[in-house]
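Residue numbers (the UniProt record's numbering): 1 to 911. Yeah, the Cβ is synthetic: ideal placement off N, Cα and C, and Gly gets one too. These numbers come from a predicted model, not from an experiment. A quick write-up on the structure given underneath.
This is the structure in structure tokens:
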């Protein structure tokens, strides 16, 4: 009998044929087909044995357990399930704890965690080994919370956890970021004296590092009496995760000093830190170490090296590693494609993706699709991006949220914002990145309203905006001059702890500047702890667009006193500020100093600012000479700036010459057509103006309708000229008529020169009264109390609002008003010979003429106070403009110009 038991418990000492009958414990079968189960190593023999189960009688526990053990060793899930089914049908040994344990281990080994749990729950008193295995299964495969639940059930059952329990339950806590549970388990570990076990401590280091408590991880690491390579790797990975890249590299050096050699896992953990720190020399040293140790051939290590060189922008090394790698998997190809994108080799990235698609054994991953979509976005190759989108749909990868987010960015950056919005609405799952991408895309494509609406939907959906989201939302508030919403968002970034971030501070400066609150912008600027060049540029630009050129120059002097070096954008902002404030001499000085003292080569944008500066100042001949002396060929924007100056000074002859040059180059939009038409219209040459409009239409350019927005109690209302669709349309029309009556009582006559149509004077008056900005102002007057500011935004130009304001007394409006235009440059001129003395306020009307039409702004002061404008000889205002641009002469801010779709402002306010 002893010999029999030995044969059962140990492998036989002699060869046994698979069909040989071996029976020792009294179990007999009716025929001679009992297998020597110890020698089952392949599924065919297991399958053959299972097929014979139905013909066997009195099959013993030992037979089932050996057969199940063979399935476990070979991971034969399907055959194991057949055994389970046989047990259920025969109902003989199905409740035997040994059989149930084997079934549980089988399902765990085959990653069928839920099947394992169903069997596990039928076992009366599972032992610690089985419980540990079940916890480990959940820790690896999820759901992770069930591993923690099983741990607590283990405690309640009286079965004590072992040193094999804690590494896996801590791993589950790490996956869930369940720090409190992890701390409680840590206390238990300390109480039972396992806090010195190297495996348990390593799991604790991993938990604390991934839960954001690196100092706790360091404390556990420092208390370890013995540290193996796995413990070092956990600490290195945690340090890298927290962005302490130099400390991570130092840990690897220290690790080697104490005699622990880095392994492949160490290399994979430290290389991302090297990449982020751009520590190329250390990266090369690690590469040499890998070559000496022979681990550079490891696929994971090779891919990590490739990624490190890519992020260090060392493309030659990346290509060398990729070409010499023997086996390449999808991750390797994805890394190489990503390397090309990082190094701005977009076409090479697309070419490599095509090569990958030709290999049958390789399928693109979400990462590789994301990289090629970014390449399409950079190349503005929407057509190629659509094809990749189609592939993503067919392969099912479109459901991957990372792929979806990259598709959103690709469509938005390609100008296909409608497609981006449509795809966004169709996405089954969205995260913070999804919302951030579509919000930024909407703002960049001129649809700020949709961007703010999406932001509100994001908040209602329960997804918390992050820093990147707010960087996208604040420009939307700036575009719409939505000061109230902008201030709400400012409060939000303070509550979320984002206010100290420099990028957020820069966005707030831009937002407040474009909403006319340059004082708030300066407060934000002063509170930024670490100002970068963007901070300085934003503040200089803010002063410029608010007509405070001298303040911009003073701030530039402050910039030169710090360690931040001005860049080419700094001088664009500075020259633009000089242009908007009439500081011609100062602008010319800094343009030449820019290249002489700061080694900045002027580019097209600098030249546009100079032409605009000279043109606004009436120096048209000098502006023409400047263009002729340019070292490169002027583009349409340069000539457009000169054409705007011709509009300001009614120089029809030069305007026609400039217009011909623009036509030869190809106009970029309707703006230059409208400028020339306005020049003709202002001179009464209606036939020529009509001809320009016809040419504009025939060339396919369509003028966008004027639209104005006003923010009332956090809601943005939009108006189009002559709009009757607003719910309060009747009240708005009535208010405009009331204002018109009051204006006429004061001797108002409509300035019909701003109606560029050859119609009767009465019709011109009606047209002037129904412009979108006037509708917006009237609605704001109806909706807001007198102490509330009014902010109006317009997508095109601002017409002269002189008529709208001339008769307004404090009985009608006593609000601060801000108007903003998206287009055109302008110059300030005095419109009235004397301020109009109203019943309670004195209004100073200054008209700021842009490239297309005119725009007005006014400062309301108590009527008994004298003002500098009373002392001005208005008859000479056009020839003597130096005082006009000095902010000390009045409390209003002039409408500035910026290029492209940059915002312009007109501010009305009460002193």
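Can you grab the Cα-Cα spacing for the pair residue i / residue j, in whole Å?
i	j	result
residue 464	residue 443	20 Å
residue 843	residue 790	At residue 843, the pLDDT of 30 sits below 50, so the modelled position is not reliable; the number obtained from the coordinates is stated separately. Distance between the alpha carbons of residue 843 and residue 790: 17 Å.
residue 346	residue 367	15 Å
residue 411	residue 419	7 Å
residue 520	residue 339	42 Å
residue 123	residue 213	39 Å
residue 111	residue 101	15 Å
residue 394	residue 461	29 Å
residue 329	residue 261	28 Å
residue 372	residue 353	7 Å
residue 543	residue 535	13 Å
residue 331	residue 199	30 Å
residue 135	residue 506	49 Å
residue 629	residue 546	31 Å
residue 156	residue 177	24 Å
residue 653	residue 614	18 Å
residue 557	residue 627	29 Å
residue 633	residue 532	33 Å
residue 784	residue 483	15 Å
residue 592	residue 548	22 Å
residue 385	residue 375	9 Å
residue 589	residue 448	37 Å
residue 364	residue 441	26 Å
Near residue i, which residues of its chain fall below 6 Å by C-beta distance, leaving aside the five closest residues on each side in sequence?
i	result
residue 195	189
residue 511	474, 477, 478 and 486
residue 452	476
residue 585	none
residue 570	537
residue 255	232
residue 173	181, 182 and 207
residue 278	312
residue 437	405, 408 and 409
residue 466	432
residue 492	none
Kindly list the residues whose CB is nearer than 7 Å to the CB of residue i, restricted to its own chain and excluding five residues on each side of it in sequence; keep chain order.
i	result
residue 247	239
residue 317	309
residue 137	108, 113 and 116
residue 658	639, 642, 643 and 646
Looking at C-alpha atoms only, which residue of the options is the closest neighbour of residue i?
i	options	result
residue 583	309, 608, 596 and 617	617
residue 153	191, 173 and 128	128
residue 69	291, 315, 272 and 98	98
residue 572	324, 609, 548 and 596	609
residue 235	423, 187, 206 and 728	206
residue 146	132, 159 and 158	132
residue 471	457, 484 and 489	489
residue 527	384, 514, 502 and 201	502
residue 294	263, 307 and 272	263
residue 225	252, 242 and 197	197
residue 227	363, 210 and 258	258
residue 300	282, 266, 85 and 88	266
residue 457	66, 435, 221 and 742	435
residue 241	230, 253, 210 and 271	210
residue 481	500, 497 and 518	518
residue 577	603, 96, 202 and 550	550
What are the residues that DSSP puts in a beta bridge with residue i?
i	result
residue 718	709
If we define contact as Cβ-Cβ less than 8 Å, is residue i a contact residue for chain B?
i	result
residue 184	Although the question refers to chain B, the structure presented lacks it and comprises just one protein chain.
In chain order, what residues of the same chain have a beta carbon less than 8 Å from the beta carbon of residue i, not counting five sequence neighbours either side?
i	result
residue 600	566, 567, 568, 571 and 594
residue 296	287, 290, 302 and 305
residue 163	194, 197, 199 and 200
May I have a chain-ordered list of the alpha helix (DSSP H) segments no shorter than 4 residues that lie completely inside the UniProt repeat "PPR" (329-364)?
330-342 and 346-358
Beta strand (DSSP E) runs wholly inside the segment 260-300, at least 3 long, in chain order
none
Extract the residue ranges of the beta strand (DSSP E) inside the segment 596-653, only unbroken runs of 3 or more that lie entirely within it.
none
Beta strand (DSSP E) runs contained entirely in the segment 439-463, provided each spans 3 or more residues
none
Secondary structure, alpha helix (DSSP H): runs of 4+ residues fully inside the segment 184-265
198-210, 214-223, 229-241 and 245-257
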